[in-house]
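Notes for the one structure printed next.
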Amino acid sequence: MRKGFLMIYSSRRLETIFGAPLDQVTYQQIADLVGKADAREAEDLDYKRDYASGDKEEKGTEDIAVDVAAFANHIGGLIVVGMAEVGEVPSAPQDVSLSGWEARIMKAVASRVHPLPRVECRGVANPDAPDNGFMLISVPLSSMAPHAVSTPSKREAGLRWPRRHGTGKIWLSESEIAAAYRKRLMSPYDQEARVRQLEKNAAKVAAAGVTKKQFPLPLLIVSLAPDQPGDLLLDNRTLSDFGRSAKQDIVMIGGNTTTFEGHYLVHRCLVADTGVGTTRTLRVQLYTDGAATFSMNLGGIREAADQLNIAVQDGEVVAGVTSALRYMARHARDRVGVHGGVTARVALLADVHLYPEIFATKRQFSQWPFSIPDAARHALTLYSAMHWVQLILVSKQSMSFGYGEAYLMLDELADDGQPLARASARLVNDLFQTYGLAENHQIRQDGSLDPAAWGRDWDTIGKWARESGVPVLGES
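Residue numbers (my numbering): 1194 to 1669.
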């Protein structure tokens, strides 16, 4: 295990900006941020020329405590002490003396912030003046939020609750404080129940948009919920940023065209989809706590031998699950700012209306648009295009509804590479056991890919694998 910040806080977004993990970034890499608009202050990044000391040390102590608590009460973040900024963009190194800085920060936090949040400091010395440099203060999202700060210098001396907002801070209102305490004191967050509810909601939304002409319509649903929920602030800027991102998103692994046609907002949730009337509808629902669902219609066909069985290609499921995990993890990590473990679940349905709870409800009504007996008998079987021949049956049994679950690490999912492939294989394998298969053919348990199992899709999937550093069987 690497020593340093990544033991309590990591951010791929900041690693990209700095050019290295936060526990390894050098003085020169930080100094090189000067003038770069991409390195401007944000919800997870703040620059400080210095904190007041000497005769004004009391104010400096209070400012340290407020800044740390504001990050802990939001999504976590990094404070770079020793960097001036103009218009929120770093403008010039202003080295601070590193002697005694860590003790000062820890004392300020311990004496002023309640309860005590997790915080870690790292001095990054200037090679030309080793006693001076930048002081990095790392603050992860806290499960003990809300954190109060004692502010004796304020007119209303007492406890106040700050929260990071954009590049500044706000003070929580009484109702916001009460909501935060309620969230902390609730019984342990049941993530398994959370992902099942997300899955059910996604199935209902998908079922509502299906006409009888489209029936049956195979559906893949992948859901994800982080252990430590975040709290994304939804405002006009967030929605606008999401809209720009949605227009540029290439969701599927190996894809080369944008995916979404529209985006919109519902309660505590950002939604993007491929638009009405598309043959392969894909929809993502991204929640403010970092949870998400990804639903995709599959290219199922009726089997010639049995008009009630629907054939789905196994490689399409594997690619869909991998793409879903990557996309949802990026929302959780980069937009909401959560890290750590996640509970993931995948469901595969022969038809969207055969989701158990939806079907059970529909049976109570005589006006359901589809034939109950026929719908109840529809089932899904898995076929494979192995070795580029015609589709061959690989599943041992047909099912109208199958599911799989896995506990995964968020940072392994958000970036292309072997860890993502390995995690996808774990989730898909648990799903395929429903169909009598011990594992999928496309991705081995170690995260390597088998070209022969992807059929005609290998051209695009293989390109993605090579560019991402994913091992390919038969290639050195």
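Where a beta carbon is used, it is the ideal one built from N, C-alpha and C, also for glycine.
Quiz item: Can you give, in chain order, each stretch of the beta strand (DSSP E) that sits fully within the stretch 1223 to 1299 and has at least 3 residues?
Solution: Runs of the beta strand (DSSP E) inside the stretch 1223 to 1299: 1238 to 1241, 1269 to 1274, 1276 to 1279 and 1282 to 1286.
Quiz item: Under a three-way DSSP split, which group does Pro1323 fall into?
Solution: strand
Quiz prompt | CA-to-CA distance, Glu1250 to Arg1387, given in whole angstroms | solution = 46 Å
Quiz item: Closest by CA to Leu1573, which one among Ala1616, Ala1245, Asp1650 and Leu1410?
Solution: Leu1410
Quiz prompt | DSSP state of Ile1210 mapped onto helix, strand, coil | solution = helix
Quiz prompt | Length of the line joining the Cα atoms of His1670 and Val1332 | solution = Outside the shown range of the chain, which is 1194 to 1669, sits residue 1670, and nothing can be said about it.
Quiz item: Among Arg1297, Ala1285 and Glu1392, which one has its Cα closest to the Cα of Ala1245?
Solution: Checking every option, the nearest Cα to that of Ala1245 belongs to Arg1297.
Quiz item: Using DSSP with H/G/I as helix, E/B as strand and the rest coil, what is Asp1499?
Solution: In this prediction, Asp1499 scores a pLDDT of 47, lower than 50, which makes its location untrustworthy; the coordinate-derived value is nonetheless stated afterwards. Here Asp1499 sits in coil by DSSP.
Practice problem: Quick one: which unbroken alpha helix (DSSP H) runs of 4-plus residues sit fully inside the stretch 1373 to 1450? Chain order, please. | Solution: For the stretch 1373 to 1450, whole alpha helix (DSSP H) runs of length 4 or above, ordered along the chain, are 1384 to 1401 and 1429 to 1441.
Quiz item: Is it buried or exposed for Lys1252, if we count other Cβ within 10 angstroms and need 16 for buried?
Solution: exposed
Quiz prompt | the stretch 1416 to 1431 / the stretch 1624 to 1641 touching (three or more Cβ pairs under 8 Å) | solution = no
Practice problem: Identify which residue in Ala1265, Asp1608, Met1579 and Asp1544 has its Cα closest to the Cα of Ser1591. | Solution: Asp1544
Quiz item: Just the Cα atoms here: how many angstroms apart are Val1312 and Ser1336?
Solution: 13 Å
Practice problem: Indicate whether Val1289 and Val1274 have their beta-carbon atoms separated by less than 8 Å. | Solution: yes
Practice problem: Helix, strand or coil for Gly1483, going by three-state DSSP, please let me know. | Solution: Here DSSP, grouped into helix, strand and coil, assigns Gly1483 to coil.
Quiz prompt | Close Cβ partners of His1267 (< 6 Å) along its chain, the five nearest in sequence each way excluded | solution = Arg1356 and Arg1357
Exercise. Starting from Glu1605, follow its DSSP beta bridges and name the residues at the other end.
Key: Paired residues: none, contrary to the question.
Self-check item: Whole-angstrom distance between Pro1644 and Gly1655, CA atom to CA atom
Solution: 7 Å
Practice problem: Kindly indicate which three-state DSSP category Glu1660 falls into: helix, strand or coil? | Solution: Helix.
Self-check item: Same chain, Cβ closer than 7 Å to Tyr1220, neighbours up to 5 away in sequence not counted
Solution: Closer than 7 Å at Cβ, skipping near neighbours: Val1317, Ala1318, Asn1319, Pro1320, Gly1326 and Phe1327.
Self-check item: Where Phe1453 sits in the DSSP three-state scheme
Solution: Coil.
Quiz item: Tell me, which residues are paired with Asp1466 by DSSP?
Solution: Gly1455 and Arg1476
Quiz item: Under three-state DSSP, which class holds His1524?
Solution: helix
Quiz item: Grouping DSSP H, G and I as helix and E and B as strand, with all else coil, what is Pro1310?
Solution: coil
Exercise. For the stretch 1527 to 1536 and the stretch 1476 to 1485, state whether three or more C-beta atom pairs, one from each stretch, are separated by less than 8 Å.
Key: yes
Exercise. Express the C-alpha separation of Leu1432 and Ala1614 in angstroms, rounding to a whole number.
Key: Ala1614 and Leu1432: Cα-Cα distance of roughly 31 Å.
Quiz item: Straight-line CA distance for Arg1377 to Thr1653?
Solution: 45 Å
Self-check item: First through last residue of the beta strand (DSSP E) which encompasses Ala1537
Solution: For Ala1537, the enclosing beta strand (DSSP E) begins and ends at Gly1534 to Leu1542.
Quiz prompt | Closest Cα partner of Leu1586 within the set Gln1222, Ile1443 and Gly1508 | solution = Gly1508
Practice problem: Taking all protein chains shown into account, decide if Leu1207 is buried (16 or more other Cβ within 10 angstroms of its Cβ) or exposed. | Solution: buried
Exercise. Excluding the 5 residues preceding and the 5 following Asn1394 in the sequence, name in chain order all residues of the same chain whose CB lies nearer than 8 Å to its CB.
Key: Gln1478 and Thr1486
Quiz item: Of the residues Val1665, Asp1650, Leu1575 and Leu1624, which one's Cα is nearest the Cα of Gln1611?
Solution: Val1665
Quiz item: By the 10 Å Cβ neighbour count, where 16 or more other Cβ atoms means buried, how is Tyr1374 classified, buried or exposed?
Solution: exposed
Quiz item: How is the alpha helix (DSSP H) around Pro1674 delimited, first residue to last?
Solution: The structure shown has nothing for residue 1674, since the chain only spans 1194 to 1669.
Quiz item: Which residue from Val1514, Gly1212 and Arg1461 puts its Cα closest to that of Gln1222?
Solution: Cα-wise, what sits closest to Gln1222 is Gly1212.
Exercise. Put Gly1595 into one of helix, strand or coil per three-state DSSP.
Key: In the structure shown, Gly1595 falls within a strand segment according to DSSP collapsed to helix, strand and coil.
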